[in-house]
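I have placed the structure first, in the form of structure tokens, so that the comments after it can refer back to it.
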Amino acid sequence: SQQGEEDPQALSIQEGENATMNCSYKTSINNLQWYRQNSGRGLVHLILIRSNEREKHSGRLRVTLDTSKKSSSLLITASRAADTASYFCATDPKTGANNLFFGTGTRLTVIP
Amino acid sequence: GAVVSQHPSWVICKSGTSVKIECRSLDFQATTMFWYRQFPKQSLMLMATSNEGSKATYEQGVEKDKFLINHASLTLSTLTVTSAHPEDSSFYICSPLRRETQYFGPGTRLLVL
């Protein structure tokens, strides 16, 4: 399976704290993307980082990518209650299929 | 741009009935469509890939005769769950491909009683 693994599976923090989620994958990739999903809803694209990039920022989001370790992290700074959701990484593999493979997800709860 | 709709958003049906889910790309054409399934508290798993005008390619473990995919036009793809059973209850998400970027529909929640 090309599905990635994420940890932690669940994370609960206080509002204002930072949240860090990690993603590990198995194959060489073109890019890695992070998505957010509110309970029972569709996916929202957050950020894309290419294989030749090491770090990317978007607002309160910071993503890192280490292709040698086949891992990525998503940092949400100054979390808000509205950030409560599930977060998934998805990889675009270099060879084979042209679809995204999703990680197992991290359920983030931000306590007001 | 890149708006994707799915219909219905919610469906409840009796065991043994068939359910059709429509996915439309509203402002672009998609030659390739991916269909994903997501069970509660789990990740998205690819079910099948379809290209307009040709037969879909199914992932291992997905029954092609049970999950019928029709991609008859560049803006519409349908997934029909035939003879649905309770274990088919899931969240189904379509994902059209546009210039190497996947966009995602809002999903259809299916509950089979």
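As they're listed, the protein sequences go chains A and B. Under our numbering, the first residue of the first sequence is numbered 1, with each subsequent residue one higher. Under our numbering, the first residue of the second sequence is numbered 1001, with each subsequent residue one higher. For each residue, glycine too, the CB sits at the ideal point set by N, CA and C. It should be emphasised that the depicted structure is a prediction, and the values quoted were computed from it without experimental measurement.
- Going by DSSP, Y1092(B) is part of the beta strand (DSSP E) stretching over 1090-1098.
- If you draw a 10 Å sphere on the C-beta of N99(A), you find 16 or more other C-beta atoms in it, and that means buried.
- Beyond the five residues adjoining it in sequence on each side, D1088(B) comes within less than 6 angstroms, by CB distance, of V1081, V1112 in the same chain, given in chain order.
- Listed along the chain, the chain A residues whose CB falls inside 7 angstroms of the CB of G1105(B) are G42.
- G105(A) counts as buried, since at least 16 other C-beta atoms from the protein chains shown sit within 10 angstroms of its C-beta.
- At least one C-beta of chain A is nearer than 8 angstroms to the C-beta of S1043(B).
- With respect to the 8 angstroms criterion, T91(A) and L32(A) are classified as neighbours on the basis of their beta carbons.
- Looking at the backbone, the Cα of N1051(B) and that of E15(A) are separated by about 45 angstroms.
- One Cα belongs to P1086(B), the other to K1014(B), and the distance between them is close to 9 angstroms.
- The C-alpha of F88(A) is placed about 5 angstroms away from the C-alpha of Y35(A).
- Taking CB atoms only, G16(A) has no neighbour in chain B less than 8 angstroms away.
- Counting along the chain, H1071(B) sits inside the beta strand (DSSP E) bounded by residues 1067-1073.
- By the criterion of a C-beta distance shorter than 7 angstroms, F1104(B) is surrounded in its chain by V1004, I1093, S1095, once the five residues flanking it on both sides are discounted.
- Within the same chain, and ignoring the five residues on either side of P93(A) in sequence, the residues whose Cβ sits closer than 8 angstroms to its Cβ are Q2, T27, S28, I29, N30, F101.
- Using a Cβ-Cβ cut-off of 9 angstroms, I1093(B) is close to G42, L43 of chain A, given in chain order.
- Under the 8 angstroms criterion on CB atoms, T109(A) is classed as non-interfacial with respect to chain B.
- D92(A) is bridged by DSSP to N31(A).
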